[in-house]
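Working notes, structure below.
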Amino acid sequence: MNLYFDNAATSWPKAPGVAEAVEGSIRECFGSPGRSNIHRSDRILFSARELIAGMIHATDSSHVVFGLNATQMINTGLLGTIKRGDRVVTTSMEHNAVSRPLRYLQKVLEIELDIVPCSPEGFLDPCDLKEAVSRSTRLAVINHASNVTGAVNDLRVLGPIVRDAGALFMVDCAQSIGTIPIDVNVDCIDLLAGSGHKGLLGPSGTGFLYFSDRVQPDPLILGGTGSHSEQDIQPLDLPDRYESGTPNITGLAGLQASLGYIQAVGFDYLTERKNQICTRMISGISTIPALKLSGPLSLENRTLVFGIHIPGKDIADLANRLLWDHGIITRTGLHCAPWAHRTAGTYPNGTIRISPGPLQEDSDIDYLLEVLDRAVRDGR
Amino acid sequence: MSSREIIVLMSTVHQHMVMEDRLEKSGIGFKTVVKPRQLGSDCGMALDVKEENVADVRAVAMKEHLGIFGIFFRENDVWIRWQNEEA
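Protein chains in written order, with the numbering used here: chain A, 186 to 565; chain B, 274 to 360.
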């Protein structure tokens with residue numbers, strides 16, 4: 186039997202009801218949104234949109250648009266907003282989903298890029314951000330929760346700093362949505378990209394972008410929307426402007442179900458579960474002296490991402506022992522975030538990332554820790 | 274009360290979906306129908322409502338800040354914008 190601990194890449198198990206919703210969307214006739222005389226798919230999209238808007242406290246759900254994943258939505262936010270010569274502030278903890286588009290824009294639009302260093306745990310110092318945005322800045326884009334160290338930055342402190350400086354505030358919430366409460370108004374967020382298949386416990390192939398009244402990025406993809414079909418130009422209607430082509434209704438049906446589950450059990454339950462697993466993981470790892478854990482050692486400001494390594498040893502050996510001897514599935518390497526590993530001091534070898542999900546049983550965590558201890562000792 | 278055929282067109286598909294949701298929650302009767310070709314070339318939808326419910330539909334739109342593109346009635350197979358839209 187395999188035990189899955191790579192929820193930072195994609196969640197498993199999914200929320201109760203997701204599989205049935207996905208199956209139902211295929212077995213039953215849902216049609217295509219905005220293009221059909223039946224509109225069950227419109228209702229799926231609408232319902233998922235409203236649930237996400239409610240979760241992040243967005244007042245207008247037409248400002249929540251769907252795409253394939255957080256990466257696509259980050260690209261829409263960055264490439265659609267940043268113009269030639271703009272100054273952009275970011276951090277040393279960013280995922281390639283952010284760093285690669287920014288490097289591209291640096292090359293093709295000659296943007297000025299200011300990469301603010303974070304602490305080895307992954308935290309952005311508000312003073313450093315304040316200083317960085319004090320020069321005329323178009324946009325600041327930061328990682329809410331690190332996929333390498335699990336560190337969670339305090340948006341309630343950082344957002345107002347960016348807003349006060351007159352810049353747009355964009356947040357990559359791929360690792361935090363569904364796990365950490367977010368309020369786009371209080372947190373002064375202008376652009377928020379999230380994935381549907383990680384903390385939201387939905388199917389892969391689902392992501393979303395929220396944008397505030399202060400910004401409307403140019404869409405990355407143009408085409409049929411089912412609206413204003415007589416016009417050759419992309420409609421400005423929201424959310425149509427950003428949703429050309431047939432969306433992933435199957436995935437979004439599953440996402441609607443997972444959002445409904447989260448709404449039903451409540452954020453408090455998920456937060457409590459996260460804290461329980463964090464406590465178990467941190468105390469368990471600390472009893473294995475050979476292991477070094479990246480990121481914060483406290484429950485505060487962290488998610489269920491635990492990057493471990495053994496100094497001087499090839500982590501692939503440990504990962505292979507976990508997988509082939511004990512059926513433990515983890516994720517080894519740089520996790521598409523070389524900047525973050527440089528910041529954490531784990532570049533170029535990377536770490537073994539263990540990322541449990543909120544629906545994981547305590548017995549699974551205990552088994553993992555027991556096996557980890559054994560595997561480390563066997564590898565000496 | 275007359276029994277004219279009335280349709281309400283919202284400004285966008287999204288607003289149509291919001292209106293559907295709010296009308297259902299308010300218990301106001303409606304039917305979603307295909308937008309008449311005379312009123313638009315896209316694949317949009319319209320709300321078929323009873324004339325006596327038009328005021329309630331407007332009230333919901335105002336409360337929810339939803340844009341009604343127009344209210345129309347059919348006469349001799351032609352859709353005519355309802356002039357008394359403020360009613």
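We treat Cβ as the ideally placed atom computed from N, Cα and C, and that holds for glycine.
Quiz prompt | Backbone secondary structure at alanine 360 of chain B - three-state DSSP | solution = Here residue 360 of chain B corresponds to residue number 87 of the second sequence, with the count starting at 1. Residue confidence for alanine 360 of chain B is low, a pLDDT of 42 falling below 50, so the modelled location carries little weight; the figure read from the coordinates is stated next. Correct three-state label for alanine 360 of chain B: coil.
Quiz item: Roughly how many angstroms lie between the CA atoms of threonine 305 of chain B and valine 322 of chain B, to the nearest whole one?
Solution: Numbered from its first residue, the second sequence carries residue 305 of chain B at position 32. Numbered from its first residue, the second sequence carries residue 322 of chain B at position 49. Computed Cα separation, rounded: 9 Å.
Practice problem: Could you tell me whether the region 437-453 of chain A touches the region 382-398 of chain A, where touching means 3 or more Cβ pairs closer than 8 Å? | Solution: yes
Quiz prompt | Beta-carbon spacing of phenylalanine 346 of chain B, isoleucine 353 of chain B below 8 Å | solution = Translated into positions along the second sequence, residue 346 of chain B becomes position 73. Translated into positions along the second sequence, residue 353 of chain B becomes position 80. Yes; because the gap between Cβ atoms is below 8 Å, this pair is in contact.
Quiz item: What residues from the region 392-412 of chain A come within 7 Å of chain B, judged by C-beta to C-beta, listed N to C?
Solution: Gly411 and Ser412
Quiz item: Ordered along the chain, which non-local residues of its own chain (more than five positions away) have a Cβ less than 7 Å from that of leucine 482 of chain A?
Solution: As a working mapping, residue 482 of chain A is identified with position 297 in the first sequence. Taken in chain order, the residues that qualify are Ile467.
Practice problem: Check whether the Cβ atoms of methionine 318 of chain B and valine 333 of chain B lie closer than 8 Å to each other. | Solution: The residue given as residue 318 of chain B occupies position 45 in the second sequence. The residue given as residue 333 of chain B occupies position 60 in the second sequence. Cβ atoms of methionine 318 of chain B and valine 333 of chain B: not closer than 8 Å.
Exercise. Output the distance between the C-alpha atoms of arginine 527 of chain A and glycine 542 of chain A, rounded to the nearest integer angstrom.
Key: Translated into positions along the first sequence, residue 527 of chain A becomes position 342. Translated into positions along the first sequence, residue 542 of chain A becomes position 357. So the alpha carbons of these two residues sit roughly 26 Å apart.
Quiz item: In the structure shown, what three-state DSSP assignment does isoleucine 434 of chain A receive?
Solution: What you label residue 434 of chain A is simply residue 249 of the first sequence in a count that begins at 1. Helix at isoleucine 434 of chain A.
Quiz item: Where DSSP assigns a beta bridge to tyrosine 454 of chain A, which residues make up the other side?
Solution: Within the first sequence, numbered from 1, the residue matching residue 454 of chain A stands at position 269. In DSSP, tyrosine 454 of chain A forms no bridge with anything.
Self-check item: Uninterrupted alpha helix (DSSP H) stretches inside the region 476-508 of chain A (no shorter than 4 residues)
Solution: 500-505, all fully within the region 476-508 of chain A.
Quiz item: Taking all protein chains shown into account, do 16 or more other C-beta atoms lie within 10 angstroms of the C-beta of leucine 484 of chain A, making it buried, or fewer, making it exposed?
Solution: As a position in the first sequence, residue 484 of chain A is number 299, starting the count at 1. Leucine 484 of chain A comes out exposed.
Quiz item: So, helix, strand or coil for alanine 319 of chain B, using DSSP?
Solution: To locate residue 319 of chain B, count along the second sequence from 1; it is residue 46. DSSP places alanine 319 of chain B in strand when its eight states are reduced to three.
Quiz item: CB-CB under 8 Å to alanine 504 of chain A, same chain, minus the five flanking residues each way: which ones, in chain order?
Solution: As a working mapping, residue 504 of chain A is identified with position 319 in the first sequence. The beta carbon of alanine 504 of chain A is closer than 8 Å to those of Thr515, Thr517 and Ile537 in its chain, skipping five residues each way along the sequence.
Quiz item: Just how far apart, CA to CA, sit cysteine 214 of chain A and asparagine 433 of chain A?
Solution: Counting from 1 along the first sequence, the entry for residue 214 of chain A is found at position 29. Counting from 1 along the first sequence, the entry for residue 433 of chain A is found at position 248. Straight-line Cα distance between these residues: approximately 14 Å.
Self-check item: Whole-angstrom distance between leucine 298 of chain A and arginine 585 of chain A, CA atom to CA atom
Solution: Outside the modelled stretch of chain A, which goes from 186 to 565, sits residue 585 of chain A, for which no answer is possible.
Self-check item: Three-state secondary structure (DSSP) of asparagine 260 of chain A
Solution: On the first sequence, position 75 is the one that residue 260 of chain A refers to. Here asparagine 260 of chain A sits in helix by DSSP.
Exercise. Could you tell me whether the Cβ of phenylalanine 251 of chain A comes closer than 8 Å to any Cβ of chain B?
Key: Position 66 of the first sequence, counted from the start, is the residue given in the question as residue 251 of chain A. Phenylalanine 251 of chain A does not count as touching chain B.
Exercise. With distances taken Cα to Cα, identify the nearest neighbour of lysine 268 of chain A among A:Ile296, A:Gly512 and A:Pro404.
Key: In the first sequence, residue 268 of chain A corresponds to position 83, counting from 1. It is A:Ile296.
Self-check item: Burial state of alanine 336 of chain A (16 or more Cβ within 10 Å)
Solution: As a first step, residue 336 of chain A must be located in the first sequence, where it is residue number 151. Classification for alanine 336 of chain A: buried.
Quiz item: Going by DSSP, what residues sit across from leucine 324 of chain A in a beta bridge?
Solution: For the purposes of this step, residue 324 of chain A is taken as the residue at position 139 of the first sequence. Per DSSP, A:Val273 and A:Leu353.
Quiz prompt | Supposed contact pair proline 218 of chain A and leucine 230 of chain A - C-beta distance, whole angstroms, cut 8 Å | solution = As a first step, residue 230 of chain A is located in the first sequence; it is residue number 45 there, counting from the start. As a first step, residue 218 of chain A is located in the first sequence; it is residue number 33 there, counting from the start. Indeed they touch by this definition, with Cβ atoms about 5 Å apart.
Quiz item: In whole angstroms, what is the alpha-carbon distance linking glutamate 324 of chain B and tryptophan 355 of chain B?
Solution: In the second sequence, counting from the first residue as 1, residue 324 of chain B sits at position 51. In the second sequence, counting from the first residue as 1, residue 355 of chain B sits at position 82. Computed Cα separation, rounded: 11 Å.
Quiz item: What does proline 424 of chain A touch in chain B if you count any residue whose Cβ is under 7 Å from its own?
Solution: One-based indexing of the first sequence puts residue 424 of chain A at position 239. Going along chain B in sequence order, the residues near proline 424 of chain A (Cβ under 7 Å) are His287.
Quiz item: Is the CB-CB distance between histidine 511 of chain A and valine 556 of chain A below 8 Å?
Solution: For the purposes of this step, residue 511 of chain A is taken as the residue at position 326 of the first sequence. For the purposes of this step, residue 556 of chain A is taken as the residue at position 371 of the first sequence. Result yes, Cβ atoms of histidine 511 of chain A and valine 556 of chain A sit closer than 8 Å.
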